[in-house]
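Participant: Each residue of the sequence shown is one higher than the last, beginning at 1066 in the working numbering.
Before we start, here is the structure in question, set down as C-alpha cells.
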Amino acid sequence: MSRIYDGVDSTYAEACSDVTLCCNKKGFFKNFAEEIVSIAESNDWLETFERVADGNKVAAVMENEAIRNTIREVFARIQPLHRGKDARVSHEKRLAAQAAIESGDMTKAFAMASQAVLRAPMTGVDDVIDGGVSLALALWVRSEVLLKTNKHFAALEDLKLALKERLPAKMRAQYYWRMGHCYKGAKEPTRAKVSYELAGRLLGNNETATAQQELQADIASLDYTMKPSQTLNKTGVQLTGGGKLNIPALSNLVKITEEEEKGRFVVAKDLIKTGDVLLVDSPYAACLMSDYYGSHCLHCFKRLENSEVSAPIWCPKCSAITFCSVECRDVAVATYHPHECQFLDLFIGSGMSILSHIALRMVTQAGLDTSLQIHSTYIKNGAKSVEGTILNDIEGSKKSRLKSRKERLNRSKKYLKSFDDKNAIDETKEVNEKTNGNDTLELAAGQIYSLCTHSQLRKGSDYLKRVVMAMFLTECLKKGGFFSKLHKEAASQAESSVCELLLHNLQLLQFNAHEIYETVRGDHQFAGSKPVYIAVGIYPTGALFNHECYPAVARYFEGRKIVLRATRPLNPGDTVSENYGPHFLVRSLKERRRSLACRYWFNCQCVACKEDWPMLKQMNNITYLRCPNIACNSKFLANPKCLPNKCSKCSVPIDPKLIKIYLNNIDDCSSLYQEGAKLMDEENPQEAISKLCKGVDLFHEVAKPPHKDTHLAQESLRSCYATFGNVYVVSGKPT
1066 MSRIYDGVDS TYAEACSDVT LCCNKKGFFK NFAEEIVSIA ESNDWLETFE
1116 RVADGNKVAA VMENEAIRNT IREVFARIQP LHRGKDARVS HEKRLAAQAA
1166 IESGDMTKAF AMASQAVLRA PMTGVDDVID GGVSLALALW VRSEVLLKTN
1216 KHFAALEDLK LALKERLPAK MRAQYYWRMG HCYKGAKEPT RAKVSYELAG
1266 RLLGNNETAT AQQELQADIA SLDYTMKPSQ TLNKTGVQLT GGGKLNIPAL
1316 SNLVKITEEE EKGRFVVAKD LIKTGDVLLV DSPYAACLMS DYYGSHCLHC
1366 FKRLENSEVS APIWCPKCSA ITFCSVECRD VAVATYHPHE CQFLDLFIGS
1416 GMSILSHIAL RMVTQAGLDT SLQIHSTYIK NGAKSVEGTI LNDIEGSKKS
1466 RLKSRKERLN RSKKYLKSFD DKNAIDETKE VNEKTNGNDT LELAAGQIYS
1516 LCTHSQLRKG SDYLKRVVMA MFLTECLKKG GFFSKLHKEA ASQAESSVCE
1566 LLLHNLQLLQ FNAHEIYETV RGDHQFAGSK PVYIAVGIYP TGALFNHECY
1616 PAVARYFEGR KIVLRATRPL NPGDTVSENY GPHFLVRSLK ERRRSLACRY
1666 WFNCQCVACK EDWPMLKQMN NITYLRCPNI ACNSKFLANP KCLPNKCSKC
1716 SVPIDPKLIK IYLNNIDDCS SLYQEGAKLM DEENPQEAIS KLCKGVDLFH
1766 EVAKPPHKDT HLAQESLRSC YATFGNVYVV SGKPT
C-alpha cells in the first residue's frame, strides 16, 4: 500500500494526524490513546488490525481482551462534568452589578449582570434564594445597564424575558416605566406613552406625588415627530449568475466534474470574471472553539458584544456557554446541545480536538433515529448519495440514476430548501420543525458521506486511536441518555452503529473541514485588520473545491456561511481551485509538498509546483515571460535592453515589439494596483476592489494564448492577488 506521507516525513504526518484528533499539550486522551496503541503492538496485533475491513474495526478492538479491559476501566469513570447553575453566585453577581451601576462603571456592571443571568437557575428551581426568581431579577438589573448604555432594543428584550420569568408583581409599575424609557429611546413614542400610562395606573395612590410628576414629565417629553430606528436587514452576498437548481450553494458559472485521479472537483462552466461569487455555502455541522464560549454565540458564532438587539442568552442547564438570541438558543436546545452541555468541561479536559467535537455534533444535531438511518444508508450499506448522483448527472459525466424527471425535480426542491439555512430553522415549534430539520440533514448527509476518508491509506495505530475516540464519545452519549428510549438489546446495537458513524466522521473531517474565522479590525480598516479563527465547520459543497498553491478564489465568511470569490479570470474548463493553507507566495515548494503530503495525503501538481514559482520575498521586482511557443514551458528575463533573440530551449523567435506591449501592460497593471492600495489606505473598499479587479484582469490579458499562464514574477502583481483577497475578507463581514 503506497502512502505518500511515508516518503516525505512519516513522523510529521503522524503528528499532523494526531492533532486532528486531540491536543498534544493538554488533556488525558493523548496519553490514553498511546497506551492503547502500546497494548495493541504486542503480539503483532496492530498489524493484523490494519488489515481488518473498515466495517469490522470497532468489533475487532472490542474482541481484544487487554484493550477492552483497559478501555472499560477508564470509561467507568466518565461522568457528566459541566459548570452548573448556582442561585447564590447569581445573587452575588447581581449585587456586584448594582454596585457598579452606582459607581458609574457600566462595563463592569454589564459583565456582572450577564454573569448573574448565566448562573441563575431556572425559575422556581431554588426558592431559598431570591424566592426562586433569580433569573428574572438578574435580567431586571441587566436591563437597567443596557438602558443606561443606550442599547434600548436589548434592554427591551431583557425586560420581556424578565416578565416571562415571573418578575415579582410589586415591580410591575417600575417594569412598565422602564419599558416606556426603552420605547422612547427606540424612537417609538406611541408605545412609550402606552407603557408610561400603564405604569401610572399601577403606581396608584400609594406612590409619592414626586413619582407621579416624574412620570407625567416623561409622557410630556415624548417627541411624536421621531421615526422608529430602522434595523438594516442585510441580504448577504449573492451568487454571480444565480445558484444551480440542484446545488443552490454553487454558482451557475461553474460545474462539478469527476476524474479518477482527482475525484470530484469544481471547474469553470462559463467565463468567470475577477470578483465573481462562486460559492455561498452553509455548514452541515460546525462547532465554536471553546476559547470563544464566553464571547460568541454557540450556535451562529456572532460576537456577542456586537449585538444591539439582545444581550447574552442562557442555557437552561449549563453556565459555560452563551447564545446571541432566544432563537439561536431554542435551535440548539431542541437539537444538539442537551446531549453535549453536560459534558463540556469533560470534553475540554480530555484535550479532544474541535474536529472530534464536530464528529459528535454531526450525530447530536441529527438525533438518534436520523443518525441510525444515516449509518444504515451510507456506512453499513455504502449507498451512493442522491446529491452525488445529481451532481454527476448535471454535468453529463454519468447517466442519471433517478427514475424520472419528476422525481429529480422533487428531490431538487427538497435539497434547495435544505441549504437555504438548514441550521437556522425556527425550532420554536419543536416537534414539527425538528422533524423537518432531520429530513434536511438526511438529504445533506448524502453529499457529506460521499467525501473522502482515505481509510485505505490510514495506518493501524492512527485508525485505532480514532476507534478509541469514537468509543469515548459514544460512552458520553450513553451516560448522557442519548440511547435511553431503547431497550437493552436495541440500545447495544444502536451504540455500535453510532460508534461506527462517529469513526467515519472522524476520518472524513480530517480532510474536508474548514476553519471559520471572523475579521477583527485594528486602528486601520485594512492594514490593521486580521483574521481570527473562532470555529470549524464542514461544508457539503465547499469541500468539493480542490487545492492549488496558486488558487483561483479567495475565501471569507459571513457568519457561518463560507463565501468563495474569483481572484482572477477563468476560462471554461479551468479548475476553480481553493488553497488549503500553503500558498506559493509565502511557502517554498519543499515546504508546501511536505505540508500537503503529511496533512492531506496528496502530492500537489498545480502550475506553481510544477514550475517551482519563487516566493514573494525572492521576486525583487523581476519580470519573467514564458516562451511564445505554447508547448514550451521555458521562461526568460524580460529586460528590454538585453532580450534574447530566441528561446534557449525550443529556439522559437522572440518578437521585441510584442514583449514591449506586454511590459507596458504590466506597468499599467502595477499602477492600478498602487491606486487600489491607496484607496485602501483611505478606507474606500468598493473603489479599491474596482481598481484591483481591473489590475488583475489586465494582468491576465498578458497571459492569454499563446502566452497562457505567463509567469510574471513581479512583486507588485503577486501582492495584488493576496491583497485583492484580503480586501474582500475585510469589507465582507468584519466585526
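Note that beta-carbon positions come from the ideal geometry of N, C-alpha and C, so glycine has one too.
All figures in this text were calculated on a predicted structure; none of them were measured in a lab.
Just mark Asp1195 as buried or exposed, buried being the case when its beta carbon has 16 or more other beta carbons within 10 Å.
Facilitator: Under this definition Asp1195 is a buried residue.
Participant: Give every residue of the same chain whose Cβ lies closer than 6 Å to the Cβ of Ala1178, excluding the five residues on either side of it in the sequence, and list them in chain order.
Facilitator: Closer than 6 Å at the Cβ level, and outside the excluded window around Ala1178, lie Ala1162, Val1206, Arg1207, Val1210.
Participant: Considering just the uninterrupted stretch of the beta strand (DSSP E) at Ala1600, what are its terminal residues?
Facilitator: Note, Ala1600: beta strand (DSSP E), 1595–1603.
Participant: Nearest-angstrom Cα distance between Met1536 and Cys1669?
Facilitator: Cα to Cα, the separation comes out at about 35 Å.
Participant: What are the start and end residues of the beta strand (DSSP E) that includes Asp1170?
Facilitator: Neither: Asp1170 is in no beta strand (DSSP E) and is coded neither H nor E.
Participant: Using DSSP bridges, identify the partner residues of His1612.
Facilitator: BP columns for His1612 point to Glu1643.
Participant: Give me the Cβ distance between Cys1406 and Lys1382, rounded to the nearest whole Å; I'm assuming they're in contact under 8 Å.
Facilitator: Cys1406 to Lys1382, Cβ: 6 Å. Contact.
Participant: Is the Cβ-Cβ distance between Thr1809 and Ile1312 less than 8 Å?
Facilitator: Coverage of the chain is limited to positions 1066 through 1800, which leaves residue 1809 absent and any answer about it impossible.
Participant: Determine the closest residue to Trp1678 out of Ala1333, Leu1221, Phe1649, with distance taken between C-alpha atoms.
Facilitator: Minimum Cα distance to Trp1678 is reached at Phe1649.
Participant: Identify the continuous alpha helix (DSSP H) that holds Gly1638 and give its terminal residues.
Facilitator: No alpha helix (DSSP H) holds Gly1638; DSSP gives it neither H nor E.
Participant: Using only the alpha-carbon positions, how far apart do Asp1720 and Asp1732 sit?
Facilitator: Rounded to whole angstroms, Asp1720 to Asp1732 spans 19 Å at the Cα level.
Participant: If you check the beta carbons only, do Cys1352 and His1404 fall under 8 Å apart?
Facilitator: In this structure, His1404 does not lie closer than 8 Å to Cys1352 by Cβ.
Participant: On the DSSP letters alone, give me the boundaries of the beta strand (DSSP E) that His1579 sits inside.
Facilitator: Unbroken beta strand (DSSP E) run through His1579: 1578–1585.
Participant: Tell me whether the beta-carbon of Val1332 lies closer than 8 Å to the beta-carbon of Thr1640.
Facilitator: A contact, by the Cβ cut-off of 8 Å.
Participant: Once you ignore the five residues that flank Lys1471 on each side, which residues in its own chain have a CB closer than 8 Å to its CB?
Facilitator: The predicted model places Lys1471 with a pLDDT of 42, which falls under 50 and marks its position as unreliable, so this point remains unresolved.
Participant: Based on Cα-Cα distance, which residue from Gly1638, Ser1103, Val1651 lies nearest to Lys1320?
Facilitator: Nearest C-alpha to Lys1320: Gly1638.
Participant: According to the neighbour-count rule (16 or more other Cβ atoms, all chains shown, within 10 Å of its Cβ), is His1552 buried or exposed?
Facilitator: Exposed, since its Cβ has fewer than 16 Cβ neighbours within 10 Å.
Participant: Does the Cβ of Met1291 have 16 or more other Cβ atoms within 10 Å, making it buried, or fewer, making it exposed?
Facilitator: That one is exposed.
Participant: Given a threshold of 16 other Cβ atoms within 10 Å of its Cβ, counted over all protein chains shown, does Ser1075 qualify as buried or as exposed?
Facilitator: Classification of Ser1075: exposed, given that the 10 Å Cβ count is below 16.
Participant: Hey, Ile1143 and Lys1530 are a contact pair by Cβ (cut 8 Å); roughly how many whole angstroms apart?
Facilitator: Contact doesn't hold; Cβ gap of about 18 Å is too wide.
Participant: How long is the line joining the alpha carbons of Cys1564 and Met1244, rounded to whole angstroms?
Facilitator: Going by the C-alpha atoms only, they are around 51 Å apart.
Participant: Give the range of the beta strand (DSSP E) segment to which Thr1322 is assigned.
Facilitator: Start and end: 1319–1324.
Participant: Nearest to His1519 by alpha carbon, out of Cys1663, Ile1439, Arg1137, Glu1112?
Facilitator: The shortest Cα separation from His1519 among Cys1663, Ile1439, Arg1137, Glu1112 belongs to Cys1663.
Participant: With 16 as the cutoff for other CB atoms within 10 Å, does Cys1707 come out buried or exposed?
Facilitator: When all chains shown are included, Cys1707 counts as exposed.
Participant: According to the Cβ coordinates, are Leu1420 and Leu1146 closer than 8 Å?
Facilitator: Not a contact, by the Cβ cut-off of 8 Å.
Participant: Between the alpha carbons of Leu1268 and Trp1242, how many angstroms are there, rounded?
Facilitator: Rounded to whole angstroms, Leu1268 to Trp1242 spans 10 Å at the Cα level.
Participant: For Asp1335, is the beta carbon positioned less than 7 Å from some heavy atom of the ligand FAD?
Facilitator: You won't find the ligand FAD in this model; it holds no ligand whatsoever.
Participant: Look at Thr1400 and Gln1430 and say whether their C-beta atoms are less than 8 Å apart.
Facilitator: Contact flag set, yes.
Participant: Restricting to Cα atoms, I'd like to know which of Glu1676, Leu1681, Pro1709 is closest to Asn1698.
Facilitator: Asn1698 has its Cα closest to that of Glu1676, out of Glu1676, Leu1681, Pro1709.
Participant: May I have the straight-line CA-CA distance separating Tyr1070 from Lys1655, to the nearest angstrom?
Facilitator: For Tyr1070 and Lys1655, the distance between alpha carbons rounds to 13 Å.
Participant: Any chance the segment 1147–1157 sits against the segment 1173–1193, with 3 or more Cβ pairs inside 8 Å?
Facilitator: With the cut-off at 8 Å, the segment 1147–1157 and the segment 1173–1193 touch.
Participant: Quick check on Ile1069: does DSSP put it in helix, strand or coil?
Facilitator: Coil, per DSSP.
Participant: Between the C-alpha atoms of Glu1560 and Val1139, what's the straight-line distance to the nearest angstrom?
Facilitator: Going by the C-alpha atoms only, they are around 18 Å apart.
Participant: Which same chain residues, not among the five before or five after Ala1220, have their C-beta less than 6 Å away from its C-beta?
Facilitator: So the list reads Ser1208, Leu1211, Leu1212, Cys1247, once near-sequence residues are dropped.
Participant: Take the Cβ of Val1597 as the centre, count every other Cβ of all protein chains shown within 10 Å, and call the residue buried at 16 or more, exposed below.
Facilitator: Looking at its Cβ environment, which holds fewer than 16 other Cβ atoms inside 10 Å, Val1597 is exposed.
Participant: Could you tell me the boundaries of the beta strand (DSSP E) in which Lys1626 lies?
Facilitator: Start and end: 1626–1631.
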